[in-house]
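Residue numbers (this note's numbering): 8 to 264.
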């Protein structure tokens, strides 16, 4: 793993944990217990400001990186033992979150929650299969990533629909943004696996999704925390596997190039 990429991913997690701390404090001190309306507090004010600054910094950094043609095996190194273990853990978190969501959604007859739970189970298995294919040196296919792409879409619905009538945007905007970032990041990853899209775009959406998912760990129940935690971990694995040095020649294995 490239040391520069590793340090950048570590910085992302430090920023994300800072956002998580601010969100945690906002949820406990930033709302009136009687009316539910927002109360001016430092965490609630600092959170969107820092989030905007971090997002702007990631955009500037990504615009300064080289623009390369798509191609997963050319731009991403095969995962080692640590990356594979982290990806398996992320897949297990998705599977556990999906199972918990199913147990809640089926008795309540919540369609969005039920579909999200099923897709979470499939996505966890798909990500483990995808990493296994990449680890073997074969060109991974897009099929294992498709459940994760659709999971992001239904996660947006699962977060938004229960909160659509809530007039206080501050109460749900972080998990909603995290769900949108997750959907965009994994759709970009699926595009790379098909040989389409831009590595730069995936890195940008992946960075933003990691920040938002870590911040969203302060919201919701255990199932959502498993889903957001798994998404942050899986995206970090792929971000850390990105090559930053000279790329292998097209058509040659990485070792020969």
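Built from N, CA and C at the ideal position, the CB exists for glycine as well.
(request) Starting from residue 65, follow the alpha helix (DSSP H) in both directions and report where the run begins and ends. (result) 49-71
(request) List the DSSP bridge partners of residue 45. (result) 38
(request) Report yes if the C-beta distance between residue 134 and residue 197 is below 9 Å; otherwise report no. (result) no
(message) If you follow the alpha helix (DSSP H) that residue 141 is in, where does it begin and where does it stop?
(response) Counting along the chain, residue 141 sits inside the alpha helix (DSSP H) bounded by residues 118-142.
(request) Report the three-state DSSP secondary structure of residue 1 (helix, strand or coil). (result) Missing from the structure shown is residue 1; the chain here goes from 8 to 264 and no further.
(request) Please report how far the alpha carbon of residue 42 lies from the alpha carbon of residue 184, in whole angstroms. (result) 25 Å
(message) Which same chain residues end up closer than 6 Å to residue 242 when comparing Cβ atoms and leaving out the 5 residues on each side of it in sequence?
(response) Setting aside the 5 residues that flank it on each side, residue 242 is surrounded in the same chain by 192, 213, 216 and 217, each with a C-beta closer than 6 Å to its C-beta; the list follows chain order.
(request) Assuming residue 247 and residue 16 form a contact by the criterion Cβ under 8 Å, report the distance between their Cβ atoms to the nearest whole angstrom. (result) 5 Å
(message) Within the continuous alpha helix (DSSP H) that includes residue 205, where are the two ends?
(response) Segment: none, residue 205 is in no alpha helix (DSSP H) and carries neither H nor E.
(message) According to DSSP, is residue 17 part of a helix, a strand, or is it coil?
(response) Three-state result, residue 17: helix.
(request) Enumerate in chain order the residues of its own chain whose CB-to-CB distance from residue 237 is below 6 Å, with the five nearest sequence positions on each side excluded. (result) 97, 100 and 101
(request) Could you please give me the residues that DSSP links to residue 249 through a beta bridge? (result) 83
(request) Check whether the Cβ atoms of residue 190 and residue 160 lie closer than 9 Å to each other. (result) yes
(request) Could you tell me whether the region 77-97 touches the region 107-123, using the rule of 3 or more Cβ pairs below 8 Å? (result) Taking a cut-off of 8 Å for Cβ pairs, the region 77-97 and the region 107-123 do not touch, as fewer than three such pairs fall below it.
(message) Taking 6 Å as the limit between beta carbons, can you name the residues of its chain near residue 151, skipping five residues before and five after?
(response) 133, 136 and 137
(request) Work out the CA separation of residue 178 and residue 225 for me, nearest whole Å. (result) 11 Å
(request) Put residue 225 into one of helix, strand or coil per three-state DSSP. (result) coil
(request) Whole angstroms is fine: what's the gap from residue 33's alpha carbon to residue 251's? (result) 38 Å
(message) Between 70, 66, 127 and 37, which has its C-alpha nearest residue 54's C-alpha?
(response) 37
(message) I need the straight-line Cα distance from residue 170 to residue 181, nearest angstrom please.
(response) 12 Å
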